[in-house]
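**Q** Positions in the sequence shown are counted from 1; adding 330 to them yields our numbering.
Backbone N, C-alpha and C define an ideal beta-carbon position, used for all residues, glycine too.
Sharing a structure here in structure tokens format.
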Amino acid sequence: MEETNYTSVNDPNGNAPFWTESQHLEREEEERFRRKLKYFFMNPCEKYRARGRKPWKLLLQIIKVAIITCQLVLFGLSNQMVVTFKEENLMTFRHLFLKDFADGSTGTYAVYRQTDMYDYIGHVIEQFGNIKNISVGNHAYEKTGLKYTPLVLCQQFYANGSISPGNESFDIDTEVAFECVEVYPMTPFRNHNGYLANFTLDFKRLLAVNISFTLKAINLQTVQHHELPDCYDFDIMITFNNMAHSGRIKVDLDHDVEIKECRDWNVQGASPRSLVYILLFDTLIILTCLTSLTLCVRSVVSGVKLQLEYVSYFATRHCKTVPWSDRMEFINGWYILILVSDFLTIIGSIIKIEIQVKNVTSYDVCSILLGTGTMLVWIGVLRYMGYFRKYNILIITLRAAFPNVIRFLCCAAMIYLGYCFCGWIVLGPYHEKFRNLNTVSECLFSLINGDDMFPTFKDMQQKSYLVWLYSRLYLYTFVSLFIYMILSLFITLITDTYDTIKHLQEDGVTDSELHAFMAECKDAPNSIHFRLDKKPDTCLLCCLPQCRSDSDDRASLQSTSAA
């Protein structure tokens, strides 16, 4: 077969080498592949000019941001009522059951005398028995069948032992014994002395006294917001902690809340339409996220296929191995972010629907899922902001600096942890902010940001002059090291990356073989070659006018190109 020769018209030296037909086909195939890569990395507007592809994902993400934010606001208002109800009940229980409790009191609520200990326990028993007469809320006792659930009073103490501080001697059996008394609510309720007559506390061996009981309540404020009220079980625990045997028994009241669906209810003057509208709105969000999830999965799969094609092309034609940095260019991290966001939002919306119909009461789980999903959705909007040149440099800088930032933080974390452990073990006995590792870390992180600096120095106790001097050396070196050196180096790391990216963009220098390969394609997005490279859409209903018009348009483009 006779080969046809082609003359190069783009030779800058004026030479006109001849190409064989196979070389010409190979070059055309390479140009098509460059256009394919270039089209893959185009933004939605450029893809629309290249092939008339509508930016469905962009429009869908904008709609999704709006409706998901509305959903989060509505759920946040509903969840706020739940949180407020629980917090206000906790404060109510402290005022009802803790004797002489006052809001905003400084220091820890504690008991110091034996007679006060019996009085405080008796006060709890009396208040429990008269809760219906003294509480302004809708609190009631829990029932098991036809019987009320009792208040349980338990003391923990060492089983055997004798303690003689005067002789500096003790004999302790570490086995812990329990002694409990049950108090049932009765009418009339007898004096608490009858229950405490045989309940004696041996304070030398006493470890703790625990009082637990359950009260029920209904959150009626949700009716005003067209939501069905929830029924609450408050498992209240009052603890008299004497573990330290220091003469100070710390008293604490806490509760565990269980939210249940009310068994029998009837709401008059309220329309159920609002609940139906909310359920339909949540269903719309689930369908929107499913559509977004499907489109993003398709885009990720297309990127993986194109990556494999690119790797195979370079291995076959140029005998080169594509570096992982170029391979990862095909895996769009924004799509992964949107996939995670869609998944969390779908699960959170399903739980929210179950909460609305009172099948579950997992408010915390739903809040975490919806909150994280909404946060990731808003972060995902940065992808489309990056199509503008001035915003793109910010995103590229963050992506380029991320590996170096992680390595830098790992090294800085070693120094930070060293200071945390040192501060905890040395300054902990003399400074409240260094009592445990959690508060030490919070204190040091605040110092890095310049917060609460003077009180940290001032609150250091001076009982040990050696430790006080050490604390000054410790705090001054930490502040100097992290604020003036490590933090400055961290900022320099970001600014250097920013300057490098900025110069690369200004000079038009490509930073990878992939972008250098695509840069050889000089076709503009509105070039006719992108439409010619477009694969014909397979349409089963080829008799439809839309399919016929697409086919006619492609034929006309090919004839124009041939002419």
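1. Out of curiosity, what's the CA-to-CA distance linking A742 and M790?
2. Quick check: the Cα distance between L712 and L674, rounded to an integer number of angstroms?
3. In the structure shown, what three-state DSSP assignment does N766 receive?
4. Out of V413, V627, D565, E361, point me to the one whose CA is closest to I666's CA.
5. What would DSSP say about T691, mapped onto helix, strand or coil?
6. For the segment 732-742 and the segment 696-712, state whether three or more C-beta atom pairs, one from each stretch, are separated by less than 8 Å.
7. Starting from the C-beta of L871, find all residues in its chain whose C-beta is less than 6 Å away, skip the five residues before and the five after it, and write them out in chain order.
8. Near M573, what residues of its chain come up, given a Cβ to Cβ distance below 8 Å and the 5 sequence neighbours on each side ignored?
9. So, under 8 Å CB-CB, D612 and I683 are touching, yes? Tell me the CB distance rounded to an integer number of Å.
10. Do the segment 501-516 and the segment 438-451 touch if we need at least three Cβ pairs shorter than 8 Å?
11. Decide if L874 is buried, meaning its Cβ has at least 16 other Cβ atoms within 10 Å, or exposed.
12. CB H469 to CB I461, shorter than 8 Å?
13. Output the distance between the C-alpha atoms of Y514 and L428, rounded to the nearest integer angstrom.
14. Is the beta carbon of L402 less than 8 Å from the beta carbon of L803?
15. Taking the beta carbon of G678 as the centre, do at least 16 other beta carbons fall within 10 Å, making it buried, or is it exposed?
16. Just curious, the alpha helix (DSSP H) that Y800 is in, first and last residue?
17. CB-CB under 6 Å to L481, same chain, minus the five flanking residues each way: which ones, in chain order?
18. Short of 8 Å in beta carbon distance, which residues of its chain neighbour F644, apart from the five on each side in sequence? Order them along the chain.
19. If you compare alpha carbons, which of T646, S499, F732, E361 is closest to F820?
20. In terms of DSSP beta bridges, what is K590 paired with?
21. Taking 8 Å as the cut-off, decide whether the C-beta atoms of A440 and R535 are in contact.
22. Please classify R593 as buried or exposed, where buried requires at least 16 other C-beta atoms within 10 Å of its C-beta.
23. Spatial neighbours of T399 within its chain, please: C-beta separation below 7 Å, excluding the five flanking residues on both sides.
24. G496: buried (16+ other C-beta within 10 angstroms of its C-beta) or exposed?
25. Which complete beta strand (DSSP E) runs does the segment 485-509 hold, if anything under 3 residues is left out?
26. In whole angstroms, what is the alpha-carbon distance linking D656 and L636?
27. DSSP three-state label for M372, please.
28. Taking DSSP's pairing of strands, which residues face V482 in a bridge?
29. Quick check on the DSSP output: the alpha helix (DSSP H) that includes R657 runs from which residue to which?
30. Which one or two residues does DSSP pair with M567 in a beta bridge?
31. Could you tell me the distance, in whole angstroms, from the CA atom of I393 to the CA atom of L407?
32. What residues match up with Y471 in a beta bridge as DSSP calls it?
33. Quick one: using the 10 Å Cβ neighbour count with 16 as the cut-off for buried, is K691 buried or exposed?
34. Note the first and the last residue of the continuous alpha helix (DSSP H) segment covering L674.
35. How long is the line joining the alpha carbons of E659 and G633, rounded to whole angstroms?
36. Short of 8 Å in beta carbon distance, which residues of its chain neighbour I568, apart from the five on each side in sequence? Order them along the chain.
**A** Looking at the coordinates:
1. Numbered from its first residue, the sequence shown carries residue 742 at position 412. Numbered from its first residue, the sequence shown carries residue 790 at position 460. Their Cα atoms are separated by approximately 26 Å.
2. Residue numbering aside, residue 712 sits at position 382 when the sequence shown is read from its first letter. Residue numbering aside, residue 674 sits at position 344 when the sequence shown is read from its first letter. The straight-line gap from Cα to Cα measures roughly 19 Å.
3. Sequence index remark: in the sequence shown, residue 766 carries index 436 (1-based). Coil, per DSSP.
4. Counting from 1 along the sequence shown, the entry for residue 666 is found at position 336. If we check each option's Cα against that of I666, V627 comes out closest.
5. On the sequence shown, position 361 is the one that residue 691 refers to. Here T691 sits in coil by DSSP.
6. no
7. Locating residue 871 in the sequence shown gives position 541, where the first residue counts as 1. Note that L871 scores a pLDDT of 41, beneath 50, so its modelled location is shaky; the value from the coordinates is reported in the next line. No residues qualify anywhere along the chain.
8. For this step, residue 573 is matched to residue 243 along the sequence shown. So the list reads L537, A538, once near-sequence residues are dropped.
9. Numbered from its first residue, the sequence shown carries residue 612 at position 282. Numbered from its first residue, the sequence shown carries residue 683 at position 353. The Cβ separation is near 5 Å, so the contact holds.
10. no
11. The count along the sequence shown starts at 1 and reaches residue 874 at position 544. Note that L874 has pLDDT 43, beneath the 50 cutoff, so the model's placement of it is unreliable and the number below is only indicative. That one is exposed.
12. One-based indexing of the sequence shown puts residue 469 at position 139. One-based indexing of the sequence shown puts residue 461 at position 131. Cβ atoms of H469 and I461: closer than 8 Å.
13. Counted from its first residue, the sequence shown places residue 514 at position 184. Counted from its first residue, the sequence shown places residue 428 at position 98. The alpha-carbon atoms of Y514 and L428 are separated by roughly 19 Å.
14. Within the sequence shown, residue 402 is the residue found at index 72, counting from 1. Within the sequence shown, residue 803 is the residue found at index 473, counting from 1. No, Cβ-Cβ distance for L402 and L803 is not below 8 Å.
15. Your numbering for residue 678 matches position 348 in the sequence shown. G678 should be labelled buried.
16. Mapped onto the sequence shown, residue 800 falls at position 470. Per DSSP, Y800 belongs to the alpha helix (DSSP H) from 795-809.
17. On the sequence shown, position 151 is the one that residue 481 refers to. Correct list, in chain order: F458, V513, F543.
18. One-based indexing of the sequence shown puts residue 644 at position 314. Counting only Cβ-Cβ distances below 8 Å, and skipping sequence neighbours, we find K650, T651, V652.
19. Here residue 820 refers to the residue found at position 490 of the sequence shown. Closest option to F820, Cα to Cα, is F732.
20. Within the sequence shown, the letter at position 260 stands for residue 590. The partner list for K590 (beta bridge, DSSP) reads C561.
21. Residue 440 sits at position 110 when you count from the first residue of the sequence shown. Residue 535 sits at position 205 when you count from the first residue of the sequence shown. Result no, Cβ atoms of A440 and R535 do not sit closer than 8 Å.
22. On the sequence shown, residue 593 is found 263 positions in, with the first residue counted as 1. The residue in question, R593, is exposed, as its Cβ has fewer than 16 Cβ neighbours within 10 Å.
23. The residue labelled residue 399 in the question sits at position 69 within the sequence shown. Around T399: T704.
24. For the purposes of this step, residue 496 is taken as residue 166 along the sequence shown, with counting starting at 1. Looking at its Cβ environment, which holds fewer than 16 other Cβ atoms inside 10 Å, G496 is exposed.
25. 491-494, 499-502
26. For the purposes of this step, residue 656 is identified with residue 326 of the sequence shown, where counting begins at 1. For the purposes of this step, residue 636 is identified with residue 306 of the sequence shown, where counting begins at 1. Roughly 12 Å between the two C-alpha positions.
27. Along the sequence shown, read from residue 1 onward, the residue named residue 372 stands at position 42. In the structure shown, M372 sits in coil (DSSP, three-state: anything other than H, G, I, E or B).
28. Locating residue 482 in the sequence shown gives position 152, where the first residue counts as 1. Answer is E512, S542, bridged to V482.
29. Residue 657 sits at position 327 when you count from the first residue of the sequence shown. 654-657 is the span of the alpha helix (DSSP H), which, as asked, contains R657.
30. If you number the sequence shown from 1, residue 567 lands on position 237. Partner(s): S542, D584.
31. Residue mapping note: residue 393 aligns to position 63 of the sequence shown, counting from 1. Residue mapping note: residue 407 aligns to position 77 of the sequence shown, counting from 1. Taking the straight line from one Cα to the other gives about 22 Å.
32. Mapped onto the sequence shown, residue 471 falls at position 141. Y471 pairs with L545.
33. For this step, residue 691 is matched to residue 361 along the sequence shown. Per the sequence presented here, residue 691 reads as Thr, with Lys not at that position. Buried.
34. For the purposes of this step, residue 674 is taken as residue 344 along the sequence shown, with counting starting at 1. 663-686 is the span of the alpha helix (DSSP H), which, as asked, contains L674.
35. The sequence position of residue 659 within the sequence shown is 329, counting from 1. The sequence position of residue 633 within the sequence shown is 303, counting from 1. Going from the Cα of E659 to the Cα of G633 covers about 9 Å.
36. Taking the sequence shown and counting its residues from 1, one reaches residue 568 at position 238. F427, L428, V454, N540, I541, S542, V581, D582, L583, listed in sequence order.
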